[in-house]
Amino acid sequence: MAVQKNSLDTNQIGGVRRVIINIATFALLIIAALFYLVPFAMVIINSFKEKRDIIKNPFALIGAGGFGVENYVKAFKQMEFLKAFGNSLFITGLSTLLVITLSAMVAYYIVRSNSVIGKVIFAMMIASMIIPFQSIMIPLVSIYGAQLNMLNHRLSLIFMHTGFAMSMSVFMYNGFLKSGVPRSLEEAAYIDGCGKFQTFRMIVFPLLKPTTATLVILNAMQFWNDYLLPSLVLGKKPLFTLPLSTYSFYGTYSSDYGLIMAALVLTLLPILILYFFLQKQIIAGMVAGAVK
Amino acid sequence: MDSLGRTTGDKIKSFFMFAFPGTFIFLCVVIIPFIYGFYLTFTDWNGVGAIKNIVGFENYAALLKDVDFWTSMVLTLKYVFLSVLLVNIVGFIFGYLLSGRILAGQNFFRAGFFTPNLIGGVVLGFIWQFVFSRVLVQMGKGAGIAFMSKSWLADPDKAFWTLVIVTVWQLSGYMMLIYIAGFTGISEDVLEAASIDGATGWARMRDIILPLMVPSFVICIFLTLSRAFMVYDINLTLTGGEPYGSTRLVAMHVYEKAFTARKYGIGQAEAVFLFAVVAIISGIQVYLGKKREVEA
Chain U
23 MAVQKNSLDT NQIGGVRRVI INIATFALLI IAALFYLVPF AMVIINSFKE
73 KRDIIKNPFA LIGAGGFGVE NYVKAFKQME FLKAFGNSLF ITGLSTLLVI
123 TLSAMVAYYI VRSNSVIGKV IFAMMIASMI IPFQSIMIPL VSIYGAQLNM
173 LNHRLSLIFM HTGFAMSMSV FMYNGFLKSG VPRSLEEAAY IDGCGKFQTF
223 RMIVFPLLKP TTATLVILNA MQFWNDYLLP SLVLGKKPLF TLPLSTYSFY
273 GTYSSDYGLI MAALVLTLLP ILILYFFLQK QIIAGMVAGA VK
Chain X
98 MDSLGRTTGD KIKSFFMFAF PGTFIFLCVV IIPFIYGFYL TFTDWNGVGA
148 IKNIVGFENY AALLKDVDFW TSMVLTLKYV FLSVLLVNIV GFIFGYLLSG
198 RILAGQNFFR AGFFTPNLIG GVVLGFIWQF VFSRVLVQMG KGAGIAFMSK
248 SWLADPDKAF WTLVIVTVWQ LSGYMMLIYI AGFTGISEDV LEAASIDGAT
298 GWARMRDIIL PLMVPSFVIC IFLTLSRAFM VYDINLTLTG GEPYGSTRLV
348 AMHVYEKAFT ARKYGIGQAE AVFLFAVVAI ISGIQVYLGK KREVEA
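Protein chains in written order, with the working numbering: chain U, 23 to 314; chain X, 98 to 393.
Here is the structure:
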């Protein structure tokens with residue numbers, strides 16, 4: 023237990039009352055935590071059981087049919103887990119890389135050029151942030167499907183992910199560049215003979231690291247979990263990302279509970295593992311992304 | 098000294114070097130489709146060919162007559178209202194209980210409440226479908242509670258509430274983190290001064306803490322509003338719009354109008370209407386929030 027001076031707890035009267043309140047709070051939080059974590063636990067314990075046992079009693083830790091990993095073996099094969107995982111990784115990775123690089127450059131231009139066109143770009147991006155995705159998806163399919171015939175390519179999805187994530191990323195880099203990056207370093211680099219792009223890459227971009235970390239987390243999470251846009255762009259099974267393959271797997275095996283549970287756990291696992299190791303960074307990133 | 102060029106040629110070069118690639122993709126993916134979308138609402142495009150006939154305001158007339166659309170719009174407004182309210186109440190309470198207070202397992206609670214946020218709506222919907230259709234039913238039967246012994250997903254009213262429950266479960270942990278950041282930012286001097294002036298308990302909450310938390314409320318309400326209006330994944334995988342199409346929210350309706358019924362023009366007209374509603378509501382909310390902000 024950390025002992026810290028804290029701002030919301032300056033009320034120092036009433037020792038017993040304080041203790042009772044603390045215990046009540048703690049009990050309340052435990053109940054709430056159960057509500058938050060039990061669904062995960064249910065999925066995990068039932069993923070090791072046979073369908074019959076799940077229907078009979080979903081609470082039993084081990085079913086009458088015993089503890090088995092057959093569900094995992096079958097789900098892994100049937101949903102082509104490695105393929106879907108690879109697609110997700112490729113799409114998330116490349117989209118994140120692109121949006122980070124390009125948005126940092128756009129924001130750099132907007133802040134440093136101080137030009138009319140920079141201001142126009144910025145205003146347009148801010149205004150676009152209130153457009154719901156549903157208002158764009160139909161024309162998007164019309165343009166990229168019926169006219170340009172660009173659907174069913176992973177690179178098209180990467181292109182679109184990048185475009186949709188651009189405004190928020192530019193907005194955050196813009197804020198950081200304005201407040202946190204002094205010009206004097208860039209000027210020194212010029213005097214030393216650095217070119218414009220080299221200055222950006224070697225001097226400016228490394229200074230943006232805190233914002234970059236936040237944006238990597240926010241964007242990668244969004245890309246990894248997205249369902250609607252990928253479902254519109256990728257119609258062929260070999261191209262499916264994890265959410266798409268989970269969805270189609272569920273459609274095929276919806277009554278085979280054990281198998282479904284195993285597939286859900288397989289989909290959850292990569293994120294939960296990442297969260298376990300990067301908990302602090304992820305939480306800090308999500309908060310910074312919202313507050314700015 | 099201007100770091101991005103002094104001569105006109107130099108400035109143009111900088112523009113193409115830095116601003117052009119990102120802006121180009123943004124225009125191609127967001128702005129052009131958005132504008133093109135308005136054009137689509139005046140056509141009878143069927144989704145396949147290149148043939149589009151201009152039909153004037155017919156799609157907007159069809160929108161006005163589309164009873165299912167208005168049903169889903171009303172349902173969505175009800176869903177958004179309840180979700181925003183409950184997510185923020187729960188998030189605020191968690192945030193209050195878990196900020197700064199000396200409590201065992203604080204980090205465990207924070208991390209636990211936040212976990213659902215990391216997971217995509219598709220998977221969350223399936224998890225809860227299992228919980229509502231099997232686990233809860235089993236519990237209800239075992240304990241003899243009639244209210245729980247039939248699947249909530251089979252009853253129109255309860256199925257709607259399952260959407261709200263899962264939304265609260267998913268988003269409140271995220272809002273909790275933002276409220277924690279807000280509570281941590283409240284200056285200790287202000288609270289001390291307040292307690293010297295005799296403000297304790299509810300008075301302290303109402304007159305000191307709540308006004309100072311307005312910026313956090315603005316952020317949280319904005320985030321939950323836009324998320325709730327656009328919800329699709331959970332709707333699709335938890336209830337699928339069922340039973341009898343009673344839980345079809347507006348995003349799902351627009352999707353089905355366009356991609357299932359192949360009435361792209363009407364679907365897009367409805368999407369444009371949705372955009373207008375979202376724009377007006379977020380505009381009002383940001384305006385009211387700014388007015389109420391207090392300098393600490």
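Even for Gly, the Cβ is constructed at its ideal location relative to N, Cα and C.
All values reported here derive from a predicted model rather than from experimental measurement.
Query                                                                                                                      : Result
Limits of the unbroken alpha helix (DSSP H) element including X/Asp165                                                     : 164–194
Rounded straight-line distance, which links the Cα of U/Asn241 to that of X/Leu194                                         : 30 Å
Which of helix, strand or coil DSSP assigns to U/Ile132                                                                    : helix
As assigned by DSSP and simplified to three states, the class of X/Ile283                                                  : coil
In DSSP terms, what U/Thr114 is bridged to                                                                                 : Paired residues: none, contrary to the question.
Those runs of the alpha helix (DSSP H) which lie wholly inside the stretch 140–166 of chain U and span at least 4 residues : 156–163
Cβ-heavy atom distance, X/Phe121 to the ligand NAD, below 7 Å                                                              : What this structure holds is no ligand at all, so the ligand NAD is not there to describe.
First and last residue of the uninterrupted alpha helix (DSSP H) at X/Tyr136                                               : 129–137
Limits of the unbroken alpha helix (DSSP H) element including X/Val311                                                     : 311–326
Backbone CA spacing between X/Ser169 and X/Asn156 [nearest angstrom]                                                       : 18 Å
Cβ pair U/Ala19, U/Thr234 closer than 8 Å                                                                                  : Nothing can be reported for residue 19 of chain U: it is not among the residues displayed for chain U, which extend from 23 to 314.
Three-state secondary structure assigned by DSSP to X/Thr297                                                               : coil
Interface partners of U/Asn79 on chain X, CB under 8 Å                                                                     : Gln235
C-alpha distance - U/Asn44 paired with U/Val38, whole-angstrom precision                                                   : 10 Å
Closest residue to X/Ser196 among X/Ala355, X/Asp252, X/Met272, X/Val369 (Cα-Cα distance)                                  : X/Met272
Rounded separation between X/Gly119 and U/Gly202 - CA only                                                                 : 22 Å
U/Ala63: first and last residue of the uninterrupted alpha helix (DSSP H) it sits in                                       : 37–68
Sub-8 Å separation of U/Lys258 and U/Asn136 beta-carbons                                                                   : no
Neighbouring residues, chain X, relative to U/Met182 (Cβ below 7 Å)                                                        : Val126
Cross-chain neighbours of X/Ser111 in chain U, by beta carbon under 8 Å                                                    : Tyr131, Ser135, Lys218
contact_flag[the stretch 225–243 of chain X, the stretch 274–288 of chain X] where n(CB pairs < 8 Å) is 3 or more          : no
Spatially closest choice to U/Leu300 from U/Met64, U/Met243, U/Val255, U/Asn247, by CA coordinates                         : U/Met243
Same chain only: Cβ atoms within 6 Å of U/Arg40, ignoring 5 sequence neighbours per side                                   : none
Segment contact flag, the stretch 120–134 of chain U with the stretch 119–139 of chain X, C-beta cutoff 8 Å, min 3 pairs   : yes
Simplified DSSP assignment, three categories, for U/Thr263                                                                 : coil
Reduced DSSP secondary structure (H/G/I, E/B, other) of U/Ile84                                                            : coil
Proximity to U/Tyr272 [Cα-Cα], best of U/Thr263, U/Pro292, U/Met283                                                        : U/Met283
Element boundaries [alpha helix (DSSP H), containing U/Pro183]                                                             : What sits at residue 183 of chain U in the sequence shown is His, not Pro. Looking at the DSSP string, the run of the alpha helix (DSSP H) that includes U/His183 is 176–202.
Spatial neighbours of U/Lys27 in its chain, beta-carbon cut-off 8 Å, leaving aside the 5 residues before and after         : With a pLDDT of 42 at U/Lys27, under the threshold of 50, the modelled position of this residue cannot be trusted, and the question is left open.
Anticipated Cβ contact below 8 Å, U/Ala129 with U/Val192, distance rounded                                                 : 5 Å
Boundaries of the alpha helix (DSSP H) in which X/Asn143 is found, first to last residue                                   : First-last for X/Asn143: undefined, no H or E at that position.
Proximal residues, the stretch 53–74 of chain U versus chain X, C-beta separation under 9 Å                                : Ala54, Ala55, Phe57, Tyr58, Leu59, Val60, Pro61, Phe62, Met64, Val65, Asn68
Interface flag, U/Thr236 vs chain X, CB-CB below 8 Å                                                                       : no
Best match in X/Arg103, X/Lys175, X/Gly295, X/Val187 for proximity to U/Leu51 [C-alpha to C-alpha]                         : X/Val187
Among X/Trp299, X/Gly239, X/Gly337, X/Gly270, nearest to U/Asn79 - alpha-carbon criterion                                  : X/Gly239
Opening and closing residue of the alpha helix (DSSP H) in which U/Gln169 lies                                             : Taken as a continuous stretch (DSSP letters only), U/Gln169 belongs to no alpha helix (DSSP H), as it is neither H nor E.
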